[in-house]
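Chemist: Under our numbering, think of the first position of the sequence shown as 28, with each following residue one higher.
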Amino acid sequence: MSRLSPINEDSDTEAGKLLAETRRQLGRVPNLYRALANSPAALKGYLQFRESLQSGRLSSKLREQIALVTAEVKHCEYCVSAHAFRGSKIGISDAELQLNRRAASSDARVAATLALAADVARSRGAVTDQSFGAARAAGLDDEELAEVIAHVALNFYSNILNHFAQPELDFPRTVLLND
């Protein structure tokens, strides 16, 4: 049971309007967003950050892969389930999703990016020279590196909210990997 009351998008409030817009964009309103809508300011900030990053250089596929590895590192089953579901919907194979959860990939550039994202999530940004060097060697420039950090931060925010709010899982369950 959720610790925060889920907000309905049918209400004629700022939160209701933000949730209705979320439904228009995503085709659904995840329970995470319903919990966050208890504070319209918090929901609006989250949605604006997310929307801003969507216009960046990282592909939608890579954004989902970063979200997935961040959720796995932060032990957020709700977020792992959501991003595994979304990843499969945008064409990431089950085998690739399993690799991504371990900060790996069949693509060397993606693997270096995910290893960096996992290191950022684990170390709160104090990454090793090895993961930074591997990302550079894989061709990530300063803009892409900054976006990777921003995506980890966005997803860490949702991981924290899910750990706190404990919303009902509304995606097919994906069990966390063992450490």
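Here a beta-carbon is modelled for each residue, glycine too, at the ideal position from N, C-alpha and C.
Hey, out of K101, N58 and L70, whose CA is closest to S150's CA?
Modeler: Mapped onto the sequence shown, residue 150 falls at position 123. Of K101, N58 and L70, the residue nearest in Cα terms is K101.
Chemist: What is the C-beta distance between S158 and L181, in whole angstroms, given that I count them as a contact (C-beta under 8 Å)?
Modeler: As a working mapping, residue 158 is identified with position 131 in the sequence shown. As a working mapping, residue 181 is identified with position 154 in the sequence shown. Contact doesn't hold; Cβ gap of about 19 Å is too wide.
Chemist: Ordered along the chain, which non-local residues of its own chain (more than five positions away) have a Cβ less than 8 Å from that of L141?
Modeler: As a working note, residue 141 is residue 114 in the sequence shown. Excluding sequence neighbours, L141 sits near Q92, I93, V96, N127, A130, A131 and S132.
Chemist: With a CB to CB cut of under 6 Å and the five nearest residues on each side skipped, what residues in its chain are close to A138?
Modeler: The count along the sequence shown starts at 1 and reaches residue 138 at position 111. The residues are A131 and S132.
Chemist: Just mark V202 as buried or exposed, buried being the case when its beta carbon has 16 or more other beta carbons within 10 Å.
Modeler: Taking the first residue of the sequence shown as 1, we reach residue 202 at position 175. Label assigned to V202: exposed.
Chemist: What are the boundary residues of the alpha helix (DSSP H) that K88 is part of?
Modeler: In the sequence shown, counting from the first residue as 1, residue 88 sits at position 61. Where K88 is concerned, the enclosing alpha helix (DSSP H) stretches over S87 to V100.
Chemist: Is the separation between the beta-carbon of I34 and that of A47 shorter than 8 Å?
Modeler: Taking the sequence shown and counting its residues from 1, the one referred to as residue 34 is at position 7. Taking the sequence shown and counting its residues from 1, the one referred to as residue 47 is at position 20. No, the pair does not count as a contact, with Cβ atoms beyond the cut-off.
Chemist: Assuming the contact rule is C-beta atoms closer than 8 Å, L196 and S108 should be a hit. Round their C-beta distance to whole Å, please.
Modeler: Looking up residue 196 in the sequence shown gives position 169. Looking up residue 108 in the sequence shown gives position 81. 6 Å between Cβ atoms; contact.
Chemist: Does the segment 54 to 74 come close enough to the segment 155 to 173 that 3 or more CB-CB pairs lie under 8 Å?
Modeler: Note that the segment 155 to 173 does not touch the segment 54 to 74; fewer than 3 beta-carbon pairs, one per stretch, sit closer than 8 Å.
Chemist: With DSSP run on the structure shown, which of helix, strand or coil describes P67?
Modeler: Here residue 67 refers to the residue found at position 40 when the sequence shown is read from its first residue. Helix at P67.
Chemist: If you compare alpha carbons, which of R30, E170 and R200 is closest to L85?
Modeler: Within the sequence shown, numbered from 1, the residue matching residue 85 stands at position 58. Measuring from the Cα of L85, the nearest candidate turns out to be E170.
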